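Some notes on the structure that comes next.
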Amino acid sequence: MLTLAAFLLTLAVLITVHEYGHYQVARWCGVKILCFSIGFGKPIYRRRFGRDQTEFIVAALPLGGYVKMLDEREAPVTDPADLGRAFNRQSVWKRITIVAAGPIANLLLAILLYWVLLMSGVPGLRPLLGEVSANTAVAQAGMQTEDLIVRIGNTAVNTWQDVRWAILQESLQAKSLEIEVKNKQGHALIHQLDVSKIKADDVETDILDSLGLALYRPVLPAQIGEILAGSAAERDGLQVNDKIISVNGEGITNWEAFASMVQKNPEKTLKVEIQRNGTAMHFNVTPDAIDKNGAKVGRVGAAYLMNQAETNRLMTEIKYAPLPALSRATRQTWDTSIFSLKMLGGMLTGSVSWKSMGGPITIGSAAGKSASAGWKVFLGFLALISISLGVLNLLPVPVLDGGHLMYYVVEIFKGSSVSDAVMEVGQRVGIALLGLLMVSAFYNDINRLILG
């Protein structure tokens, strides 16, 4: 239910902002607006407002929207007083401004969301390097467990998410990256990380895994720190501070081992030995079954006991004053836009796999996960999708905003508008390309559902 609600909210916000960009700039340019619609299909809400009696519609299928303007190419203008307010009678520069306003509104929304996040404080995991596996690029670079990554190329990093983003950006155009770290002794060291062997499909999964970059994870004691109300752990008698000794006779030395046993045994009774206040006790615990990526796994609803000092060592929060936050938000939106274009270019050249593209199912799933992780994570997700929508609509593909902008640029140099015949052919090509894009995205979505 949360996934569906988050998905619908994502669509509603992004589509409304995009169409409002067209709507508001068209009004500023003196164009008469006939209809503002969010969604397609049968209207579930419609009402007329304003001097022009513009019709506002919320329709049943929330997969897009449109702003219908007065235009002689679509219908004759009955009132001579409105002729000057028809879209087709506006100067080419006004038409460019109106059409570009939708994607620009999406990019401005991203800046606003990032600005709010950066001022409120962005929590994150400090970029401490975990176990270094042999024969990986990280091992060959000489990096060590618990190295703190502080810089990748020219980019300073403060969180593990910063590391992921910097690696993604830099690896698209470099074969080797300069990594600055602080080791456990606090000494600054420079390493050269080979990224030349990254494959196109690695971008789709986890590029850090392919390099051997793993987040540091402390060994967690098998001791309960929290129990959810109504959970299997509460129902079957476990309590906070209980130390897990064994499960089905197998010794448990850390929380990961306990969690693994629970996940492997959904709805199967486990014989759990615990130590409570120095006394050994035995319980029969039956994990609830939950769905995880299409598979049934067990869950008892208990969380591990985390040492506060260790938590403080692993976590960080980055907070900025308003002006620096605005500058960084703008830069982050710009960098993400450029990265999106590079990814699209990579798909065309084959350096990035088409499998990395996601459709509505992937977006819906990500919306649900981000919403469940908290409002800050959801706002970050919303900003990212808003940028993707803005960039996609600026591509010079007929039927997209970028396609119309392409026609207007031709008109500037040609001195006259593109012919209806050319636009009709372009529209067919654009629809075919978008159809291919949607089929590919749906195919990837279905593959992820089936293969996990």
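The numbering of the sequence shown is the working numbering, which starts it at 3 and goes up by one.
Note that CB positions come from ideal geometry on N, CA and C, so glycine has one too.
It should be emphasised that the depicted structure is a prediction, and the values quoted were computed from it without experimental measurement.
1. Can you say whether D211 is buried or exposed, counting buried as having 16 or more other CB atoms within 10 angstroms of its CB?
2. Is I17 buried or exposed, if buried means 16 or more other CB atoms sit within 10 Å of its CB?
3. If you measure between the beta carbons of E74 and A83, is that distance less than 8 Å?
4. Decide yes or no for the touch test of the stretch 102-121 against the stretch 184-198: beta carbon pairs closer than 8 Å, at least 3 of them.
5. Mind checking which residues open and close the beta strand (DSSP E) that includes N286?
6. Within a Cβ cutoff of 8 Å, which residues of the same chain sit near V79, ignoring the five residues on either side of it in sequence?
7. For V197, write down the residues that DSSP places opposite it in a beta bridge.
8. Please identify the residue among R53, E76, I40 whose C-alpha is closest to the C-alpha of I59.
9. Taking C-alpha atoms, which residue in N267, T56, P400 lies nearest to A297?
10. Taking the CB atoms as reference points, tell me whether G155 and E180 lie closer together than 8 Å.
11. Starting from the C-beta of K96, find all residues in its chain whose C-beta is less than 6 Å away, skip the five residues before and the five after it, and write them out in chain order.
12. Does DSSP put D73 in a helix, in a strand, or in coil?
13. Using C-beta distances below 6 Å, list every residue in its chain close to A305, excluding the 5 sequence neighbours before and after it, in chain order.
14. Note the first and the last residue of the continuous alpha helix (DSSP H) segment covering K34.
15. Quick one: what's K294 bridged to in DSSP?
16. On the three-state DSSP scale, how would you describe A439?
17. When you compare only the Cα positions, how much space is there between Y47 and T288?
18. Any idea if S173 is buried or exposed, counting beta-carbon neighbours within 10 angstroms, 16 or more meaning buried?
19. Is the separation between the beta-carbon of L215 and that of V140 shorter than 8 Å?
20. According to the Cβ coordinates, are Q334 and V299 closer than 8 Å?
21. Taking C-beta to C-beta, are G437 and P400 nearer than 8 Å?
22. Which residues does DSSP list as the beta-bridge partners of R50?
23. List the residues that DSSP assigns as beta-bridge partners of E252.
24. My assumption, with CB atoms under 8 Å, is that K34 sits in contact with D54. Please give the rounded CB distance.
25. Measure from the alpha carbon of A176 to the alpha carbon of each residue in T56, A168, S93, then state which is nearest.
26. Can you tell which of A61, F415, N185, L407 has its C-alpha closest to the C-alpha of T99?
27. What do you reckon, is the C-beta of A141 under 7 Å from a heavy atom of the ligand ADP?
28. The beta strand (DSSP E) spanning C306 covers which residue range?
29. Is the beta carbon of I246 sitting closer than 8 Å to the one on I276?
30. If we ignore side chains and look at the alpha-carbon of each, how far apart do E206 and R153 end up?
31. Taking Q163 as the reference, give the member of R237, L191, I106, R128 with the closest Cα.
32. Just to confirm my understanding: we take P223, look at its own chain, exclude 5 residues before and 5 after, and list those with CB closer than 8 Å. What are they?
33. Look at the Cβ atom of I113, then the Cβ atom of T332, and state whether they are nearer than 8 Å.
34. Start and end of the alpha helix (DSSP H) containing L391?
35. Measuring straight from C-alpha to C-alpha, what distance separates V411 and I433?
36. So, with DSSP's three-state summary, where would you put R278?
In short, the structure shows the following:
1. If you number the sequence shown from 1, residue 211 lands on position 209. The residue in question, D211, is exposed, as its Cβ has fewer than 16 Cβ neighbours within 10 Å.
2. Counted from its first residue, the sequence shown places residue 17 at position 15. So I17 counts as buried.
3. Walking along the sequence shown from the start, residue 74 turns up at place 72. Walking along the sequence shown from the start, residue 83 turns up at place 81. No.
4. no
5. Start at 1 with the first residue of the sequence shown, and residue 286 comes out as number 284. 281-287 is the span of the beta strand (DSSP E), which, as asked, contains N286.
6. Stepping through the sequence shown from its first residue, residue 79 is reached at position 77. For V79, where only same-chain residues beyond five positions count, the Cβ hits under 8 Å are L72, L85, A88.
7. On the sequence shown, residue 197 is found 195 positions in, with the first residue counted as 1. Its beta-bridge partners do not exist; DSSP assigns none.
8. Here residue 59 refers to the residue found at position 57 when the sequence shown is read from its first residue. The shortest Cα separation from I59 among R53, E76, I40 belongs to I40.
9. Reading the sequence shown from its first residue, position 295 is the one you call residue 297. Ranking the options by Cα distance to A297, first place goes to N267.
10. As a first step, residue 155 is located in the sequence shown; it is residue number 153 there, counting from the start. As a first step, residue 180 is located in the sequence shown; it is residue number 178 there, counting from the start. Result yes, Cβ atoms of G155 and E180 sit closer than 8 Å.
11. Locating residue 96 in the sequence shown gives position 94, where the first residue counts as 1. Here the set comprises C31.
12. The residue you call residue 73 lines up with position 71 of the sequence shown. Of the three classes helix, strand and coil, the one that applies to D73 here is coil, per DSSP.
13. Indexing the sequence shown from 1 puts residue 305 at position 303. Same-chain partners within the cutoff: G227, E228.
14. Against the sequence shown, residue 34 aligns to sequence position 32. Unbroken run through K34: none, as it is neither H nor E.
15. Within the sequence shown, numbered from 1, the residue matching residue 294 stands at position 292. DSSP output for K294 lists A297 as bridge partner(s).
16. Along the sequence shown, one-based indexing puts residue 439 at 437. First, the residue type needs correcting, since residue 439 is Leu and not Ala in the sequence shown. Note: L439 maps to helix in three-state DSSP.
17. Taking the sequence shown and counting its residues from 1, the one referred to as residue 47 is at position 45. Taking the sequence shown and counting its residues from 1, the one referred to as residue 288 is at position 286. Roughly 48 Å separates the two Cα atoms.
18. Within the sequence shown, the letter at position 171 stands for residue 173. Answer is buried; the Cβ neighbour count reaches 16.
19. Taking the sequence shown and counting its residues from 1, one reaches residue 215 at position 213. Taking the sequence shown and counting its residues from 1, one reaches residue 140 at position 138. A contact, by the Cβ cut-off of 8 Å.
20. Start at 1 with the first residue of the sequence shown, and residue 334 comes out as number 332. Start at 1 with the first residue of the sequence shown, and residue 299 comes out as number 297. Going by C-beta atoms, Q334 is not nearer than 8 Å to V299.
21. Within the sequence shown, the letter at position 435 stands for residue 437. Within the sequence shown, the letter at position 398 stands for residue 400. No; because the gap between Cβ atoms is not below 8 Å, this pair is not in contact.
22. One-based indexing of the sequence shown puts residue 50 at position 48. According to DSSP, which records beta bridges pairwise, R50 is partnered with E57.
23. Counting from 1 along the sequence shown, the entry for residue 252 is found at position 250. Looking at the DSSP assignment, E252 forms a beta bridge with V249.
24. For the purposes of this step, residue 34 is taken as residue 32 along the sequence shown, with counting starting at 1. For the purposes of this step, residue 54 is taken as residue 52 along the sequence shown, with counting starting at 1. Correct: roughly 5 Å between the Cβ atoms.
25. Against the sequence shown, residue 176 aligns to sequence position 174. For A176, the nearest C-alpha among the options comes from A168.
26. The sequence position of residue 99 within the sequence shown is 97, counting from 1. Comparing Cα-Cα distances from T99 to each of A61, F415, N185, L407, the minimum goes to L407.
27. This structure lacks the ligand ADP, and indeed carries no ligand of any kind.
28. The residue you call residue 306 lines up with position 304 of the sequence shown. It is Tyr, not Cys, that sits at residue 306 in the sequence shown. 304-306 is the span of the beta strand (DSSP E), which, as asked, contains Y306.
29. The residue given as residue 246 occupies position 244 in the sequence shown. The residue given as residue 276 occupies position 274 in the sequence shown. Yes.
30. By 1-based counting over the sequence shown, the position of residue 206 is 204. By 1-based counting over the sequence shown, the position of residue 153 is 151. Low local confidence applies: a pLDDT of 45 at E206 is under 50, so the model's placement there is unreliable, and no value is given.
31. For this step, residue 163 is matched to residue 161 along the sequence shown. Among R237, L191, I106, R128, the Cα nearest to that of Q163 belongs to R128.
32. Position 221 of the sequence shown, counting from 1, holds the residue named residue 223. Excluding sequence neighbours, P223 sits near K245, N256, W257, Y306, L307.
33. The residue given as residue 113 occupies position 111 in the sequence shown. The residue given as residue 332 occupies position 330 in the sequence shown. Going by C-beta atoms, I113 is nearer than 8 Å to T332.
34. Walking along the sequence shown from the start, residue 391 turns up at place 389. Here the alpha helix (DSSP H) through L391 covers 377-395.
35. Walking along the sequence shown from the start, residue 411 turns up at place 409. Walking along the sequence shown from the start, residue 433 turns up at place 431. One C-alpha to the other measures close to 21 Å.
36. To locate residue 278, count along the sequence shown from 1; it is residue 276. It is a strand residue.
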